[in-house]
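Peer 1: Structure below; questions to follow.
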Amino acid sequence: MKSPSAADLSVFLCTAQYLNFSKAAIELGLTPSALSHSVKALENRLGVRLFNRTTRSVALTEAGERLYARLKPAFRDIDDALEDLNHFRDKPSGNLRITCGRQACELVLLPIASEFLQMYPDIRLEVVESDALLDIVASGFDAGVRFGDRLEADMVSLPIGPTMRSVVVGSPAFFERHVAPQKPEDLHGLPCIRHRYPSGSMYRWELERGGIAQEIEVNGPLTLGDVSLMVGPALQGLGLAYVFEDMVSEHLASGRLLQVLADWCPYYPGLHLYYPSRRHVPAALKAFIDFVRNRH
Numbered sequence: 001m002k003s004p005s006a007a008d009l010s011v012f013l014c015t016a017q018y019l020n021f022s023k024a025a026i027e028l029g030l031t032p033s034a035l036s037h038s039v040k041a042l043e044n045r046l047g048v049r050l051f052n053r054t055t056r057s058v059a060l061t062e063a064g065e066r067l068y069a070r071l072k073p074a075f076r077d078i079d080d081a082l083e084d085l086n087h088f089r090d091k092p093s094g095n096l097r098i099t100c101g102r103q104a105c106e107l108v109l110l111p112i113a114s115e116f117l118q119m120y121p122d123i124r125l126e127v128v129e130s131d132a133l134l135d136i137v138a139s140g141f142d143a144g145v146r147f148g149d150r151l152e153a154d155m156v157s158l159p160i161g162p163t164m165r166s167v168v169v170g171s172p173a174f175f176e177r178h179v180a181p182q183k184p185e186d187l188h189g190l191p192c193i194r195h196r197y198p199s200g201s202m203y204r205w206e207l208e209r210g211g212i213a214q215e216i217e218v219n220g221p222l223t224l225g226d227v228s229l230m231v232g233p234a235l236q237g238l239g240l241a242y243v244f245e246d247m248v249s250e251h252l253a254s255g256r257l258l259q260v261l262a263d264w265c266p267y268y269p270g271l272h273l274y275y276p277s278r279r280h281v282p283a284a285l286k287a288f289i290d291f292v293r294n295r296h
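This is the structure we're talking about:
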């Protein structure tokens, strides 16, 4: 039996990671049919089936799971060895993949990333917007950006932005029709713009004063999956919105939006860059970590 090449095994690893031929093909720069042919050729060469495929799903067989478990750390060592060569370059190069929620991306990550990429032109950064709580290792990311109070214990993190807070806002026209809430419980009787997570669960407004925290399940005519989309309906008087203060600072200054329950909207830990604890940190990620540290 002719041994499979490193390229053949790389195709297998990528397919095993995504368990989706289309996504793996995009990652590898192949067509789905070419990737499927490569996987089938590898299975024929090895004499075992590595994937169970149906029209709706792709799953590893027992043999595929065992091969994936053995190859993944081996290829990681190869990647680490190649990354070590970056220490001999004048400037690091390579690919860097970061996952980040849309609002965090707009408010914090992209301004930093723009400066970083001008300093390191040989690095290629891919930012994937997602508000889902992803496993960055399993999803193939080098790092992620998330609020400091929502990080896994086994992750290394550092602040990437200042402390933040969310504010409850409504338009002057809204308050002509409704009495402004004086306490969190008053929100139950007012139309609010709600937010649904990618997981399907509804966000409860998190308010706190004097160490007393409350989570309020609001009601209203509109539910959105993107917090940044709430500002427009709030300006039109459709309901109250609970959004990052930086998103509406100009509207608050101009009087187009008014803030309520200000004493129930404390500051909380800001956004953090987080990444898995590994002996070898890829050069592109290390450069980004150092860049973020030096900005503070």
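Under UniProt numbering, think of the first position of the sequence shown as 1, with each following residue one higher.
Think of the CB as a built atom: it goes at the ideal place given N, C-alpha and C, for glycine as much as any other residue.
Rounded to the nearest angstrom, how far is the Cβ of residue 171 from that of residue 71, given a contact under 8 Å?
Peer 2: So it is not a contact: roughly 57 Å between Cβ atoms.
Peer 1: Contact defined as beta carbons within less than 8 Å: I believe residue 45 pairs with residue 4. What is the distance between those atoms, to the nearest angstrom?
Peer 2: Rounded to whole angstroms, the Cβ separation of residue 45 and residue 4 is 6 Å, and the two are in contact under 8 Å.
Peer 1: Could you give the residue range of the alpha helix (DSSP H) that holds residue 119?
Peer 2: Run containing residue 119: 110–119, per the alpha helix (DSSP H) assignment.
Peer 1: Given this structure, state the Cα-to-Cα distance separating residue 225 from residue 183, to the nearest angstrom.
Peer 2: Approximately 26 Å between the Cα atoms of the pair.
Peer 1: Assuming the contact rule is C-beta atoms closer than 8 Å, residue 232 and residue 191 should be a hit. Round their C-beta distance to whole Å, please.
Peer 2: Not confirmed; about 15 Å, so no contact.
Peer 1: What would DSSP say about residue 20, mapped onto helix, strand or coil?
Peer 2: Residue 20 falls in the coil class under three-state DSSP.
Peer 1: Quick check on DSSP: helix, strand or coil for residue 217?
Peer 2: coil
Peer 1: Of all the options 257, 250, 220 and 214, which has the alpha carbon lying nearest to the alpha carbon of residue 265?
Peer 2: 214
Peer 1: Could you give the distance in angstroms between the alpha-carbon of residue 316 and the alpha-carbon of residue 294?
Peer 2: Here the chain covers residues 1 to 296 and nothing more, so residue 316 does not appear.
Peer 1: Thinking residue 51 and residue 41 are a contact (beta carbons under 8 Å), I'd like their distance in whole angstroms, please.
Peer 2: In fact, because the Cβ distance is near 13 Å, the residues do not count as touching under 8 Å.
Peer 1: Would you call residue 181 buried or exposed, if buried means 16 or more other Cβ atoms sit within 10 Å of its Cβ?
Peer 2: buried
Peer 1: Between residue 129 and residue 103, what straight-line distance do the alpha-carbon atoms span, to the nearest angstrom?
Peer 2: 9 Å
Peer 1: Taking 6 Å as the cut-off, is the C-beta of residue 205 nearer than that to any heavy atom in the ligand FAD?
Peer 2: Inclusion of the ligand FAD in the displayed structure is not the case, the ligand content being empty and no account of it being possible.
Peer 1: Can you find the residues in the same chain that come closer than 8 Å, C-beta to C-beta, to residue 255, ignoring five residues on each side of it along the sequence?
Peer 2: 172
Peer 1: Which residue marks the beginning of the alpha helix (DSSP H) containing residue 292, and which one marks its end?
Peer 2: 283–295
Peer 1: By the three-class DSSP mapping on this structure, what secondary structure does residue 100 have?
Peer 2: strand
Peer 1: Do you know how far the Cα of residue 122 is from the Cα of residue 92?
Peer 2: 7 Å
Peer 1: For the alpha helix (DSSP H) containing residue 93, name the first residue and the last one.
Peer 2: Note, residue 93: premise wrong, no alpha helix (DSSP H); not H, not E.
Peer 1: Applying the 10 Å Cβ sphere with the 16-neighbour rule, what's the burial state of residue 75?
Peer 2: exposed
Peer 1: Tell me the rounded alpha-carbon separation between residue 258 and residue 222.
Peer 2: Going from the Cα of residue 258 to the Cα of residue 222 covers about 19 Å.
Peer 1: To the nearest angstrom, how far is it from the Cα of residue 211 to the Cα of residue 113?
Peer 2: 36 Å
Peer 1: Determine the closest residue to residue 248 out of 31, 160 and 165, with distance taken between C-alpha atoms.
Peer 2: It is 165.
Peer 1: Is residue 237 near residue 291, with beta carbons less than 7 Å apart?
Peer 2: no
Peer 1: Apart from the five residues on each side of it in sequence, which residues of its chain come closer than 7 Å, Cβ to Cβ, to residue 120?
Peer 2: 91, 92 and 287
Peer 1: My output table needs one value for residue 223: the three-state DSSP class, helix, strand or coil.
Peer 2: strand
Peer 1: Buried or exposed: where does residue 282 fall if 16 or more other Cβ atoms within 10 Å of its Cβ makes it buried?
Peer 2: buried
Peer 1: Terminal residues of the continuous alpha helix (DSSP H) containing residue 32?
Peer 2: From DSSP, the alpha helix (DSSP H) with residue 32 extends over 32–46.
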